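Residue numbers (this note's numbering): 708 to 863.
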């Protein structure tokens, strides 16, 4: 699952070729945009711990690492990322991740939530840019972020 595929699906749902998309489609577009970020991060975690494509990695180990990330833990670590020495692109990813997770929860669980096409389009565009910036960040920094997000922090 590639982040760009989630972004393309979100664009389809937002109805870039329709005048007024349904609220259900706009809600699914917001949720799908969030999942572009989530799957970008899960792939980073899996590649960090089990190896990237072409590394001779174990498929089972990669899938286990991919599935290890918990939404709540990821949110909490992303909220606290500013306390760490990450580059601006990683900090931007973390901030956007928490913002989009909040929007996704609103889209999926708040029966009174309403979204405009322009608002959803902005979320999708911001997500696409954030994913691109994240993937352009050095491998060393992405790996450090994956370790930070996925593993417990021990004091002392």
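Every residue gets a Cβ at the ideal spot worked out from N, C-alpha and C, and that includes glycine. This structure is a prediction, so every number in the text was calculated from the model and none was measured.
{"Asked": "When you compare only the Cα positions, how much space is there between residue 764 and residue 823?", "Found": "43 Å"}
{"Asked": "Within its chain, find whatever has a CB closer than 7 Å to the CB of residue 828; leave out the 5 residues flanking it on each side and keep chain order.", "Found": "721"}
{"Asked": "Helix, strand or coil: which one does DSSP assign to residue 862?", "Found": "coil"}
{"Asked": "Is residue 820 closer than 8 Å to residue 811 when the C-beta atoms are compared?", "Found": "no"}
{"Asked": "According to the neighbour-count rule (16 or more other Cβ atoms, all chains shown, within 10 Å of its Cβ), is residue 796 buried or exposed?", "Found": "buried"}
{"Asked": "Within the same chain, show all residues whose beta-carbon is closer than 6 Å to that of residue 731, passing over the 5 residues directly before and after it, in chain order.", "Found": "none"}
{"Asked": "Could you spell out where the alpha helix (DSSP H) holding residue 790 opens and where it closes?", "Found": "Per DSSP, residue 790 belongs to no alpha helix (DSSP H) and is neither H nor E."}
{"Asked": "Of all the options 734, 836, 753, 854, which has the alpha carbon lying nearest to the alpha carbon of residue 793?", "Found": "854"}
{"Asked": "Compare the beta carbon distance of residue 789 and residue 857 with 8 Å and say whether it is the shorter of the two.", "Found": "no"}
{"Asked": "Please report how far the alpha carbon of residue 782 lies from the alpha carbon of residue 761, in whole angstroms.", "Found": "30 Å"}
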